[in-house]
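Residue numbers 70 to 544, in the numbering used here, belong to the letters of the sequence shown in order. Just below is one structure, and these are the notes that go with it.
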Amino acid sequence: MMRQVVQSFDAWRAAARELIARHVSPESVEWASNETDGDLFSAAGGAAPAELPAVASAGPALRLPRELMEMLASAACFSAVDRWAFLYKVVWRWHLGERDVMSAADPDGARLYAMVKAVHREEHDMHAYVRFRERKEEDGAPRFVAWFEPTHEVLPQVARHFARRMGGATWMIATPAAAVLWDGERLHDAPALMRSAADIDDAGEALWLTYYRSIFNPARLNADLLRSHIPSRFWKNLPEGAIVPAMVSAAANGERRTGQTMTVGQRRGATTIDITPERAQPQRAQPDSLDQCRRCELWRDATQAVPGIGPTKARIMLVGEQPGDQEDLQGLPFVGPAGAVLDRALAEAGVERGAVYLTNAVKHFKWELRGKRRLHKTPAQREVSACHVWLEQELAKVRPEVVVALGATALKSVLQDSGTTMGAVMDAPFQHQGRWVVAVYHPSFVLRARDEDSRRQAYEVIVAGLRAALRLLGD
70 MMRQVVQSFD
80 AWRAAARELI
90 ARHVSPESVE
100 WASNETDGDL
110 FSAAGGAAPA
120 ELPAVASAGP
130 ALRLPRELME
140 MLASAACFSA
150 VDRWAFLYKV
160 VWRWHLGERD
170 VMSAADPDGA
180 RLYAMVKAVH
190 REEHDMHAYV
200 RFRERKEEDG
210 APRFVAWFEP
220 THEVLPQVAR
230 HFARRMGGAT
240 WMIATPAAAV
250 LWDGERLHDA
260 PALMRSAADI
270 DDAGEALWLT
280 YYRSIFNPAR
290 LNADLLRSHI
300 PSRFWKNLPE
310 GAIVPAMVSA
320 AANGERRTGQ
330 TMTVGQRRGA
340 TTIDITPERA
350 QPQRAQPDSL
360 DQCRRCELWR
370 DATQAVPGIG
380 PTKARIMLVG
390 EQPGDQEDLQ
400 GLPFVGPAGA
410 VLDRALAEAG
420 VERGAVYLTN
430 AVKHFKWELR
440 GKRRLHKTPA
450 QREVSACHVW
460 LEQELAKVRP
470 EVVVALGATA
480 LKSVLQDSGT
490 TMGAVMDAPF
500 QHQGRWVVAV
510 YHPSFVLRAR
520 DEDSRRQAYE
530 VIVAGLRAAL
540 RLLGD
């Protein structure tokens, strides 16, 4: 039994030509992709590899039609442990004059066609679903980075496609097994350089998600068609994949009926329509779902509404101001930098995060653009008041014994008093509507403090407030 270790189609082709010239049959060869691998044609007994037999002269050069060579080259990208052995079997049969090996009616021919079809489909999918994320200009090359998890080994030919399409812009496509870099003139192969799409930081992606959400028309949604056109394995690495489920859910909850009327009365130009969007449709009750909320204008620029999270009978409720950039993208409260500060403070105070209910006074992210970043903008009082109905529902559902107000906006919303100041109530917990209220700084205040002493003092206030909330439970 001879052992052939090949790691590329070119290496396999060279080995196959020599084996054919020496009349070595497929069952006499063990193919592997590295020194430790075997395949389905391997010897059962694990015999030691043999050298090629010495011959005085090799046979005639192997000649294959162009179509078969192209099929072999494509099939070599198919991820199968026995691919090299199978391809050699095809070539051997052709060498013996069995031309039906190229027929789809032949078992080997059918498998060859199926492998080629699967590889071509994977190339097409990479062309369609690779998403380049832009890196900061000061970080240097590559300017754009993409992550993809191909089923088959199609990265080299897909890289050539993008090299033709993207001109002189530098980029990298990374996969779990390898990476390819384009320097503007040449392609460079590299080992695996990333672990997942989470390794890519794209400050402009939030703008793309906002745009994607703004062009989504719930009235024309066909969820079944959407799922059939985009295989589920691609969704996790598509930026828009994080918000599509929420938009589909919103369409099912009523936006499908109203999607065409939201912009009535907002047209610009010569035509004037003297009617508001609300009057353009039948009278309906106020929205009973947070995803449908249009009580203020913040929903227009947010990716999604961010509800509270935690046990429905939590004894402590933490109320923040509004979702931040990461919360807006993920749909969960306190998962960004301020959330990390809060997690640390909860742990230091001895409060288990999973035992408290986390929410915000305002459920949509209010932001302004600075360069390519979405920066937090404090909600106006009318926006806080418009959103209070959702906080009231959470308070009624959870019925916490203690509410910790994180910052001035949260405190004003909890008390329904726009004149309340943090300085007036931070000294000690107080009763409000049958529950204790503790006022502390918002965790983002720690991040914005001007110096280390200020950061430490603000953080200590948060920890002390959380400890006070725990003591108020009386356990």
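Backbone N, C-alpha and C define an ideal beta-carbon position, used for all residues, glycine too.
Simplified DSSP state of residue i, which is helix, strand or coil
i	result
residue 512	helix
residue 531	helix
residue 235	coil
residue 166	coil
residue 490	coil
residue 408	helix
residue 126	In this predicted model, residue 126 has a pLDDT of only 43, less than 50, meaning its place in the structure is not dependable enough to derive any value.
residue 84	helix
residue 230	helix
residue 279	helix
residue 421	coil
residue 470	coil
residue 495	coil
residue 415	helix
Where the alpha helix (DSSP H) through residue i begins and ends
i	result
residue 396	394–399
residue 500	Per DSSP, residue 500 belongs to no alpha helix (DSSP H); it is in the beta strand (DSSP E), 499–501.
residue 452	450–467
residue 145	Unbroken run through residue 145: none, as it is neither H nor E.
residue 480	477–484
C-beta atoms of residue i and residue j nearer than 7 Å
i	j	result
residue 184	residue 137	no
residue 95	residue 161	yes
residue 546	residue 418	Nothing can be reported for residue 546: it is not among the residues displayed for the chain, which extend from 70 to 544.
residue 211	residue 191	no
residue 530	residue 509	yes
residue 144	residue 100	no
residue 415	residue 403	no
residue 448	residue 386	no
residue 537	residue 494	no
residue 263	residue 246	no
residue 58	residue 375	Residue 58 is absent from the structure shown; the chain starts at 70 and stops at 544.
Any chain C beta carbon closer than 7 Å to residue i
i	result
residue 431	Judged by its chain identifiers, the structure shown contains no chain C, having just a single protein chain.
Exposure label - residue i; buried when at least 16 CB within 10 Å
i	result
residue 497	exposed
residue 358	exposed
residue 193	exposed
residue 260	exposed
residue 336	Note that residue 336 has pLDDT 46, beneath the 50 cutoff, so the model's placement of it is unreliable and no number is given.
residue 73	buried
residue 542	exposed
residue 513	buried
residue 114	Note that residue 114 scores a pLDDT of 35, beneath 50, so its modelled location is shaky; the value from the coordinates is reported in the next line. By the 10 Å Cβ count, residue 114 comes out exposed.
residue 88	buried
residue 450	exposed
residue 391	buried
residue 492	exposed
residue 206	exposed
residue 255	exposed
Residue range of the beta strand (DSSP E) that includes residue i
i	result
residue 257	256–260
residue 251	247–251
residue 188	Not the beta strand (DSSP E): residue 188 falls in the alpha helix (DSSP H), residues 176–198.
residue 389	385–389
residue 74	71–74
residue 433	Run containing residue 433: none; DSSP gives neither H nor E here.
residue 368	From DSSP, residue 368 is part of no beta strand (DSSP E); its letter is neither H nor E.
residue 213	213–216
residue 171	Run containing residue 171: none; DSSP gives neither H nor E here.
residue 442	442–445
residue 518	First-last for residue 518: undefined, no H or E at that position.
message: When you compare the region 456–470 with the region 413–428, are there three or more beta-carbon pairs, one atom per stretch, that lie closer than 8 Å?
response: Yes, since at least three Cβ pairs between the region 456–470 and the region 413–428 fall closer than 8 Å, the two stretches touch.
field: the region 395–405 in contact with the region 487–497 per 3-pair CB rule at 8 Å
entry: The region 395–405 makes no contact with the region 487–497; the number of CB pairs closer than 8 Å stays below 3.
- prompt: If you pair each beta-carbon of the region 433–447 with each one of the region 363–371, do three or more pairs fall below 8 Å?
  reply: With the rule of 3 Cβ pairs closer than 8 Å, the region 433–447 counts as touching the region 363–371.
message: Quick test of the definition: if touching needs 3 or more C-beta pairs under 8 Å, does the region 185–203 touch the region 225–236?
response: yes
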